[in-house]
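Enquirer:
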Amino acid sequence: MDAFGVHGLRLPGWLLYTSLVYCLLGSLGTHLVGQRLIVLDYAAQRVEADFRSDLIRIRDHGEAVAMLHAQ
Numbered sequence: 001m002d003a004f005g006v007h008g009l010r011l012p013g014w015l016l017y018t019s020l021v022y023c024l025l026g027s028l029g030t031h032l033v034g035q036r037l038i039v040l041d042y043a044a045q046r047v048e049a050d051f052r053s054d055l056i057r058i059r060d061h062g063e064a065v066a067m068l069h070a071q
């Protein structure tokens with residue numbers, strides 16, 4: 001049996017099955033890591049937004065904050 005219509009080119013069966021298993025495991029790993037990254041990215045954006053909000057609040061009330069630490 002010739003592979004891809006090329007006379008003399010033969011691919012053993014184990015090569016096909018190994019490559020399919022490799023592709024499936026790689027896809028599954030990528031999917032699992034990607035799902036976890038979605039959750040982590042959302043959490044990081046929320047923390048960064050809270051930090052920016054706190055910075056704006058401190059900037060708006062900077063004088064009062066400075067007076068509290070002056071005592």
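Each residue of the sequence shown is one higher than the one before, starting from 1 at the first, in full-length UniProt numbering.
For each residue, glycine too, the CB sits at the ideal point set by N, CA and C.
Values in this document were obtained by computation on a predicted structure and should not be read as measured data.
Would you report the Cα separation of His-69 and Gly-62, rounded to the nearest angstrom?
Expert: Straight-line Cα distance between these residues: approximately 11 Å.
Enquirer: Name the DSSP beta bridge partners of residue 159, please?
Expert: Because the chain in this structure spans residues 1 to 71, residue 159 falls outside the shown range and cannot be described.
Enquirer: The alpha helix (DSSP H) spanning His-61 covers which residue range?
Expert: From DSSP, His-61 is part of no alpha helix (DSSP H); its letter is neither H nor E.
Enquirer: Hey, how far is the Cα of Leu-32 from the Cα of Ala-44?
Expert: Their backbone Cα atoms lie some 19 Å apart in a straight line.
Enquirer: With a CB to CB cut of under 7 Å and the five nearest residues on each side skipped, what residues in its chain are close to Ala-3?
Expert: Closer than 7 Å at the Cβ level, and outside the excluded window around Ala-3, lie Leu-9, Arg-10, Leu-11.
Enquirer: Round the Cβ separation of Ile-56 and Val-65 to the nearest angstrom and send it over; I've been treating them as touching at under 8 Å.
Expert: Between Val-65 and Ile-56 the Cβ distance is about 13 Å, and since that is not below 8 Å, they are no contact.
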